[in-house]
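Chains X and Y supply the protein sequences, listed in that same order.
With our numbering, letter number 72 in the first sequence gets 322, and the count goes up by one each step, no holes.
With our numbering, letter number 144 in the second sequence gets 147, and the count goes up by one each step, no holes.
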Amino acid sequence: MDQAQLLKGVLELAVLSVIAQGETYGYEILSTLERAGFDGIGDASVYGTLRRLEHAGHLTSRLAASDSGPARKYYSVTASGAEQLSSGTATWTRISEALGRLVEP
Amino acid sequence: MTAEEYLRWVGFELHDLPWRMRRDLLAELREHLAELPEGTNFSERLGPPMEYAAELRVAAGLERRRGLIALLRRPRPRNLVLVALALTVIGLVIGAVAWVDSYQPIAEGNTSYGPLDVVYSPTGGEYVVVHQGRPFRFGITIWNRGQYTVRVLGLGQQFGLPLSFRLLMSAPTTFKYGGMPRPFTPFRPFDLKPGEQRGLIFSGHYDQPCSQRNFEGTTGWGSIPVRFSFLWRTTAVQVPLSDDLSFVYRKGDACPTTTP
């Protein structure tokens, strides 16, 4: 089964989870996701998801100067994003438990 | 591929998106490329620019945009405003040139100075009989009915009338008061102000070789070509006479009795 396709389905939840831990920027979000095992996700998918979440009002952003180059865009979760994360987590837990019951012997 | 080249390629792939959106997406990509370790092969890490752009579109829910609105939103607003301004200025210039080229305020005034020995035809119009060498004097007023001053330069192309004449002009007057104020002086170019009129007088004598006379008919005079200039444009306008003036020939007037 294509792992990338499976991961994409939960990418929104994963991105919200990372940002919910504290204000952060694109590259750091990617690195955190990769360390967590989301290594099959393309960079563009993460940036596209960030844009979609921000457009939907679940994230807010600000630009801050960076020592390493162009200004960084820092994201944080809005109240709406926190609700989305909460309901997404509940849904994911239900699915995960259901799937666990099915696939475990 | 350098970061700038990669950005340019991705920008090209996203060219249909509104300028601000494209700018934000590329700014974030620029930031991302700067964070990557030095020597990173961007195409290997991110995929070819075309794939990166396609993946970004899918993840962000950005469909390809078509149509006039999308076309207008693609360029930077400042550039769009500049183009609109430039087009407006060009349009105004073309309009101004067309207007100047069509501006023609000269019309016949309300006074004329009839020829000597004129005969009024019962069927309308008037005529004179050509007598070689006899004096001829005729005048009309031209009137500036426009809103801007024009410069009257003289007569237009030569017209084949049986006359030798000097062109005189009257002093200026207004259409309201009319008349053809004297003294008449030799013509010199003059400014004709809005509402002003001035007489143009043909003063001379009948003069035409017998070979050019039309004994079977008449020569008509229906309008006077007046040359004028307005701004950069010089042109001639035919000022119609309120009544056509015809020249009639009589056999035997210093010519053989048979048509040459």
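Here a beta-carbon is modelled for each residue, glycine too, at the ideal position from N, C-alpha and C.
Alpha-carbon spacing of residue i relative to residue j, whole angstroms
| i | j | result |
| --- | --- | --- |
| LYS254 of chain Y | GLN215 of chain Y | 13 Å |
| HIS208 of chain Y | ILE145 of chain Y | 23 Å |
| PRO263 of chain Y | TYR252 of chain Y | At PRO263 of chain Y the pLDDT is 42, less than 50, meaning the model places this residue with poor confidence and gives no usable figure here. |
| GLU333 of chain X | GLN271 of chain X | 14 Å |
| TRP12 of chain Y | ARG26 of chain Y | 13 Å |
| TYR130 of chain Y | PHE205 of chain Y | 16 Å |
| THR91 of chain Y | LEU85 of chain Y | 10 Å |
| THR5 of chain Y | TRP102 of chain Y | 55 Å |
| PHE288 of chain X | ALA340 of chain X | 20 Å |
| THR127 of chain Y | LEU158 of chain Y | Before going on, a small fix: residue 127 of chain Y reads as Gly here, not Thr. Cα-Cα distance, rounded: 27 Å. |
| THR310 of chain X | SER330 of chain X | 10 Å |
| THR237 of chain Y | LYS196 of chain Y | 16 Å |
| GLY259 of chain X | TRP342 of chain X | 11 Å |
| PHE231 of chain Y | GLY136 of chain Y | 31 Å |
| HIS308 of chain X | LEU300 of chain X | 9 Å |
| ILE143 of chain Y | LEU75 of chain Y | 58 Å |
| THR114 of chain Y | ASP246 of chain Y | 12 Å |
Three-way DSSP call (helix, strand, coil) for residue i in this model
| i | result |
| --- | --- |
| ASN44 of chain Y | coil |
| MET172 of chain Y | strand |
| GLY14 of chain Y | helix |
| ASP317 of chain X | coil |
| THR262 of chain Y | No answer about THR262 of chain Y holds up, because its pLDDT of 46 lies below 50 and its placement is not dependable. |
| PRO125 of chain Y | coil |
| LEU303 of chain X | helix |
| LEU309 of chain X | strand |
| ARG216 of chain Y | coil |
| THR339 of chain X | helix |
| GLN334 of chain X | helix |
| ARG351 of chain X | helix |
| GLY298 of chain X | helix |
| ILE227 of chain Y | strand |
| LEU244 of chain Y | strand |
Inter-residue CB distance, residue i and residue j (contact presumed, cutoff 8 Å)
| i | j | result |
| --- | --- | --- |
| GLY202 of chain Y | MET172 of chain Y | 6 Å |
| GLU347 of chain X | LEU303 of chain X | About 26 Å; that fails the 8 Å criterion. |
| ALA344 of chain X | TYR275 of chain X | Before going further, note that residue 344 of chain X is Arg rather than Ala in the sequence given. With 8 Å as the limit, ARG344 of chain X and TYR275 of chain X do not qualify as a contact, their Cβ atoms being about 32 Å apart. |
| TYR324 of chain X | ARG312 of chain X | 5 Å |
| GLU111 of chain Y | VAL240 of chain Y | That belief does not hold up - the Cβ atoms of GLU111 of chain Y and VAL240 of chain Y are roughly 11 Å apart, past 8 Å. |
| TYR106 of chain Y | GLY149 of chain Y | 7 Å |
Where residue i meets chain B, residues with beta-carbon distance less than 8 Å
| i | result |
| --- | --- |
| VAL92 of chain Y | The structure shown has no chain B; the protein chains it does contain are X and Y. |
Element boundaries [alpha helix (DSSP H), containing residue i]
| i | result |
| --- | --- |
| GLU262 of chain X | 261-270 |
| GLU34 of chain Y | 22-38 |
| TYR277 of chain X | 276-286 |
| TYR55 of chain Y | 52-63 |
Residue interval of the beta strand (DSSP E) (run including residue i)
| i | result |
| --- | --- |
| TRP235 of chain Y | That residue, TRP235 of chain Y, is in no beta strand (DSSP E); it is neither H nor E in DSSP. |
| LYS254 of chain Y | No beta strand (DSSP E) holds LYS254 of chain Y; DSSP gives it neither H nor E. |
Exercise. Taking only runs of the alpha helix (DSSP H) that begin and end inside the region 65-115 of chain Y, which ones reach a length of at least 4 residues, in chain order?
Worked result: 71-76 and 80-105
Problem set entry | Complete runs of the beta strand (DSSP E) confined to the region 126-205 of chain Y [at least 3 residues] | 129-133, 138-147, 153-158, 166-172 and 193-195
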